[in-house]
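Below: the structure, in structure tokens.
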Amino acid sequence: MRLGSALWIALAGFGAAVPFFGSTYLMGVVFQVAMWIALAQSWSMLSATTGYLSLGHAVFYGVGAYVCVLLTGIIPFEFAILAAAGSAALFAALIGLPVLRVRGPYFVILTYGLSELVRHVVMRIESALGSFGRMIFDVPAQEVLLWWMVGLAVLATLGAYAIRHSRFGAGLAAIREDEVAAQTIGVPVTRLKLLAFIASAAIPGAVGGLALLRTSYFEPAQAFDPVISFTIVTMALVGGTDSVRGPILGAMGFALLSELLWSTLPQLYMIVLGLTLIVFVLFVPRGLSGLVGRIGGAR
Amino acid sequence: MTLLDIKGVSKRFGGLMALSDVSLQVNKGEIFGLMGANGAGKTTLFSVIAGHIPPTTGEVVFDGKRLAGLSPDRICRLGLCRTFQIVRPFAGLSVAENLRVAALYGRARKLSATEAAQIVDDALDAVGLADRRHLDAGRLTLSGQKRLEIARALATGAQLVMLDEVMAGLNPTEVGTMLDTLRRLRTERDLTFVIVEHVIGALMTLSDRILVLDHGECIAFSTPEEIGRNERVAEVYFG
Chain A
1 MRLGSALWIA LAGFGAAVPF FGSTYLMGVV FQVAMWIALA QSWSMLSATT GYLSLGHAVF
61 YGVGAYVCVL LTGIIPFEFA ILAAAGSAAL FAALIGLPVL RVRGPYFVIL TYGLSELVRH
121 VVMRIESALG SFGRMIFDVP AQEVLLWWMV GLAVLATLGA YAIRHSRFGA GLAAIREDEV
181 AAQTIGVPVT RLKLLAFIAS AAIPGAVGGL ALLRTSYFEP AQAFDPVISF TIVTMALVGG
241 TDSVRGPILG AMGFALLSEL LWSTLPQLYM IVLGLTLIVF VLFVPRGLSG LVGRIGGAR
Chain B
1 MTLLDIKGVS KRFGGLMALS DVSLQVNKGE IFGLMGANGA GKTTLFSVIA GHIPPTTGEV
61 VFDGKRLAGL SPDRICRLGL CRTFQIVRPF AGLSVAENLR VAALYGRARK LSATEAAQIV
121 DDALDAVGLA DRRHLDAGRL TLSGQKRLEI ARALATGAQL VMLDEVMAGL NPTEVGTMLD
181 TLRRLRTERD LTFVIVEHVI GALMTLSDRI LVLDHGECIA FSTPEEIGRN ERVAEVYFG
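Chains as they are written, first to last, in the working numbering: chain A, 1 to 299; chain B, 1 to 239.
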């Protein structure tokens, strides 16, 4: 495990150091990898711990992007990113109580539907305002954005680790196993689920803001694209949901795979995404993390 | 001293009166038996007391506090915990981890890791599951899972433990062990028990007082000896 930690620290260090020696292309790849690690890791704070599988995390990413585009130019970008994270968390707090009343497949469908609803509402608002996409002109330097994104990936990973090894995480695991039994032995299930939901929404909000600043273009259909949600779930499941390294492995594997495919066979990307998910769900339920554990002889 | 006071509790499910005007007092340190045929309302009464379903009328007072409107987790933190007739282990967690959650979130919250570990060890010893602590709870035998239910309730630090048919499905030897365990827990830990049981012999030997429910109504409330002589009870049970 010591070796593992050292490896992850080296990886984060490499990501942060890329601007000093890497090409623009490599910086782009690292930005993508860090982004997906941050998203998948945040998703795992709710979904891997409680078993409430969110298929709507694009909504937090989109809310973050939208808030950020509205605030850019008005306040410094650092504050816009924090506001993006705060808004996503606030949005989760507002919708959390009703949404978390249902579980299993209903929760999956509800989160997906809600995300789509918000996407269409924002599209309507934007077209009513006569705007078909907003350009941003004054964006921070690419390496600054990269450092922020690597920082978010590290933060999300530390957060996920802290949750899993805390009293909070023990309560969430009990909720995943049997919510009624958990409540009977004193676990405040509603409060814990809501806190996990908020925790898992905040970083995706900041990620949405950063991704927006990197492309310097906001378009609601893209910012709230459900493919973002699908990709998060696929990465987390392929990586493995029963450890913190799972989302990292899944995000790295997929982000690198998609880089390869985008440059050679872009139309294959979604097909490969789907096939990989099927293969892993059927044959490798513990994901890449489980495979690595078996090879390494560790747990 | 009265620990649990049930005052005129009724529960209506549509046209069905699951409980009608049930009143009883459980004293501190007592083992209180609840008898009744299938559908008599025993489990419904448990669910009302533990806060899983609200009563239609009447109220429940535990340790001087009214439980009306409190969620099951709040009630547990006050020191009242139930088990389930159909066991509900956290199947994917180890036996010890099941109890650790109870210790961390039950009545004695805000524990250090060592204190929680001590509570887990004590509860495991109390029910004889110490040697299976690392096993996934889902892999325990039924008897083991019934004992896990009890251990988990104990680990919450509850003063009053309500056991819903913890002996159903156990063989006679296991029933004997369970009786010894419960008696020992009462004296060693100063606990109060409310017990629902189909194994009538067990209930008769264990309980200080017994209440018999039939179709949601209380038809007898007395010591085991008198319940044994009660004609109405015999009629309900044996036709």
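Even for Gly, the Cβ is constructed at its ideal location relative to N, Cα and C. Keep in mind the model is a prediction, meaning the values are calculated, not measured.
For T49 (chain A), the uninterrupted alpha helix (DSSP H) run begins and ends at 24–50, by DSSP. For the segment 139–182 of chain A, the continuous alpha helix (DSSP H) assignments of 4+ residues that do not extend past its boundaries occur at 142–164, 167–177, in sequence order. For K65 (chain B), the number of other beta carbons within 10 angstroms of its own is below 16, and it is reported as exposed. Within the DSSP secondary-structure output, R74 (chain B) pairs in no beta bridge.
Non-local beta-carbon contacts of T56 (chain B) in its own chain, meaning distances under 7 Å to residues more than five positions away in sequence, involve S10, K11, R12 in chain order.
Linking F168 (chain A) to V18 (chain A) through their CA atoms gives a straight-line distance of about 36 Å. In the DSSP assignment, R66 (chain B) is bridged to B:V61. Taking 8 Å as the upper bound on Cβ-Cβ separation, chain A lies near no residue of the segment 200–233 of chain B. Counting along the chain, E30 (chain B) sits inside no beta strand (DSSP E), nor does DSSP assign it H or E at all. Collapsing the DSSP output to three states places D5 (chain B) in a strand.
Using beta-carbon distances, R189 (chain B) does not count as an interface residue toward chain A, since no partner is under 8 Å. Using a CB distance cut-off of 8 Å, V281 (chain A) does not count as an interface residue toward chain B. Within the segment 142–203 of chain B, the complete beta strand (DSSP E) segments of 3 residues or longer fall at 160–164, 192–196, listed in chain order. With respect to chain A, the C-beta atom of A68 (chain B) has no partner C-beta closer than 8 Å. Check the Cα spacing between A170 (chain A) and each of B:A116, B:G228, B:C81, B:S20: the tightest is with B:A116. Of the other Cβ atoms in all chains shown, fewer than 16 fall within 10 Å of the Cβ of T141 (chain B); this residue is therefore exposed.
For S222 (chain B), the three-state secondary structure derived from DSSP is strand. Chain B places no beta carbon closer than 8 Å to that of V244 (chain A), leaving this residue out of the contacts. The beta carbons of L191 (chain B) and V236 (chain B) sit no closer together than 8 Å. Going by C-alpha positions, M167 (chain B) is about 27 Å away from S20 (chain B). Out of A:T234, A:P226, A:V69, the CA that lies nearest to the CA of A40 (chain A) is found in A:T234. The beta carbon of F60 (chain A) lies closer than 6 Å to those of A88, A201, P204, G205 in the same chain, with the five residues before and after it left out. In this structure, R119 (chain A) places its C-beta atom within 8 Å of the C-beta atom of F224 (chain A).
By the criterion of a C-beta distance shorter than 7 Å, R100 (chain B) is surrounded in its chain by A116, V120, once the five residues flanking it on both sides are discounted. The beta carbon of V30 (chain A) sits closer than 6 Å to the beta carbons of G15, V18 from its chain, once the five residues preceding and following it are set aside; these are given in chain order. The CB of V284 (chain A) never comes closer than 9 Å to any CB in chain B; the least such distance is about 18 Å.
Interface residue (Cβ-Cβ distance to chain B less than 8 Å): G287 (chain A) is not classified as such.
Within chain A, no C-beta atom comes nearer than 8 Å to that of G41 (chain B); the closest sits roughly 19 Å away. Excluding five sequence positions before and after L111 (chain B), the CB atoms of its chain that fall closer than 8 Å to its own CB belong to A103, L104, I119, given in chain order.
For V22 (chain B), the secondary structure class from DSSP, reduced to helix, strand or coil, is strand.
Within chain A, no C-beta atom comes less than 9 Å from the C-beta of L45 (chain B); the nearest is roughly 15 Å away.
Note that the C-beta distance between R74 (chain B) and F46 (chain B) is not below 8 Å. For R286 (chain A), there is no enclosing beta strand (DSSP E), as DSSP gives it neither H nor E. Within chain B, not a single residue places a beta-carbon under 7 Å from that of G104 (chain A); the smallest gap is close to 16 Å.
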